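Colleague: What follows is a structure written as structure tokens; I'll ask about it next.
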Amino acid sequence: MSNHAIHKVVRDAQKDSLSKTMQWYSTSRRGKTEKQQKFEAIRKAVYDAVNSNPKNPIGRKEFCKAMAASSNMSKASAKMLFRDISCGSKTISFAKLDGYLDRTATKYAIEKFKAARGKDRYVDLKEFVRLMHQEGMPKKRAKRIYSTIDENLDGHLSLPEFRDWASELLKLEVVEQEFLDKANWPKAVTKRSVAARKPCRAMSRSSALSRAGATMTGKATKKERRNSPKPDLSALNKQLSELNSGKSNGLAWYDDTRGGRTKKQAMYESLRKSIMTSFDANKSGKIGKKEFVQAAALMSPPMSKEAALRLFNEITNGGFGTITTAKLDGYLDKTAVTAAIKKYKKMKGKDRYINPKEFVAYMEDEGLASKKARTLFRKVDGNRDGRLNLTEFRDWASDNLKVRVIQEQFVE
């Protein structure tokens, strides 16, 4: 396939996007099918057009040459795009291209969420309808779609709810903007390109000495980088291994006694502190992406680079900035709420509530005696109506699931 295939296929996608079924927010069966087919076609066309040898992954020179030939993308822009897709490695595989498009679609979804959310950091019905109406969606349809996105039925959209819905629908738009709109960027004029256009001249002795000094400085910097402090995860690995082996008694997630809650809270705070201190090798109080990936590889069992990057992106809401204690705490809270909602969906009956029988049956499977489960049900049932709604169960379970969340996200 010729290099011009990228430009042609993406141009065709932009023409199709004018139809109603190809709008990014189209959730109809036909619209989803058409967008998925078009996305897969463009993704394959991009990869095949850039990859001159199908047996090998795409190298940087090959990528920059193909992008310049297909869409007149500047070398600096192509290098930047290659670095983003390859995650800093030397080649691009089909899986890396797919992962990059997924990450970027998630980033676009988060940007739309931030544009729509109110002061309470959620998107209510009015804010959602206003956003989608600006995008071209009829208001009645926006209201109907809102009810399908609000999975936990709490009357507002959280970031995970909106992100999971929008990121799947935005993939086609991502391909258009990343591989077509970036091709129209003006060619970047860097200091290196300006210096390259200057005529060569004999180097004076003073400039040669200064160049040598600069080289020595560069070597010293690399040496310092090699001697930079490495993360120590021995304490964190020991805590997690004890937790997995069951040595930490009284930490069943459903244990709601005063002693159980105190132990779990102490364990949660200890684990959270250990994560921050163990991963923060340079003791800056923040964890950067490289620090996080390097430390994750030293965990027991070691975490893969892909899994570490995915977890870093989730904690930082898109991979931006660094991990602070507040961000880590917010992520663990959010994940505990999601885990509680999943448990609620497994327990609830046809009336969308949890009755005592359903609660006792589920908790018996978790290891709690039936008598204690009935007592616990009465404790969780705050309004004493004989059934648990989502809010009651979520508020109770999310506080008790925090230790398990750390265990699942950082070990399993």
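For the sequence shown, UniProt numbering gives the first residue as 1, with consecutive numbering after it.
Here a beta-carbon is modelled for each residue, glycine too, at the ideal position from N, C-alpha and C.
Predicted model, so just to flag it, every value in this text is computed and none were measured.
#1: Output the distance between the C-alpha atoms of ASN51 and ALA116, rounded to the nearest integer angstrom.
#2: Under 7 angstroms Cβ to Cβ from ALA195, same chain only, skipping five residues before and after it: list those, please.
#3: Select from LYS357, ASN400, VAL411 the residue whose C-alpha is nearest the C-alpha of LEU388.
#4: Beta-carbon within less than 7 angstroms of PHE359's beta-carbon, same chain only, minus the 5 sequence neighbours each way: which residues are those?
#5: For PHE393, which of helix, strand or coil comes out of DSSP?
#6: Going by Cα to Cα distance, which pick from THR257, LYS264, LEU271 is closest to ASN237?
#7: Taking the alpha carbon of THR277 as the point to measure from, which residue in PRO301, GLY319, LEU328 has its own alpha carbon closest?
#8: Short of 7 angstroms in beta carbon distance, which residues of its chain neighbour TRP165, apart from the five on each side in sequence? Order them along the chain.
#9: Could you tell me which residues DSSP puts in a beta bridge with GLY59?
#10: Do ALA295 and ALA281 come within 8 angstroms of each other at the CB atom, strictly closer than that value?
#11: DSSP three-state call for LEU125: helix, strand or coil?
#12: For ASP395, which residues in the same chain have their Cβ closer than 6 angstroms to its Cβ, ignoring the five residues on either side in sequence?
#13: With 16 other CB atoms within 10 Å as the buried threshold, where does PRO57 fall?
#14: Kindly identify the DSSP beta-bridge partner or partners of LEU157.
#15: If you drop the 5 nearest sequence neighbours on each side, which residues of the same chain put their C-beta closer than 8 angstroms to that of LYS15?
#16: Roughly how many whole angstroms lie between the Cα atoms of GLY118 and SER284?
Modeller: So, from the data block:
#1: 39 angstroms
#2: Reliability fails at ALA195, whose pLDDT of 40 lies under 50, so the model's placement of it is uncertain and the value that follows must be treated cautiously. None.
#3: LYS357
#4: Hits under 7 angstroms: MET347, ALA373, PHE377, LEU388.
#5: helix
#6: Cα-wise, what sits closest to ASN237 is LEU271.
#7: LEU328
#8: Excluding positions up to five away in sequence, the list reads ILE149.
#9: Per DSSP, THR91.
#10: yes
#11: helix
#12: none
#13: buried
#14: VAL123
#15: Low confidence applies here, because LYS15 scores a pLDDT of 49, under 50, leaving its location unreliable; read the following figure in that light. For LYS15, where only same-chain residues beyond five positions count, there are no Cβ hits under 8 angstroms.
#16: 32 angstroms
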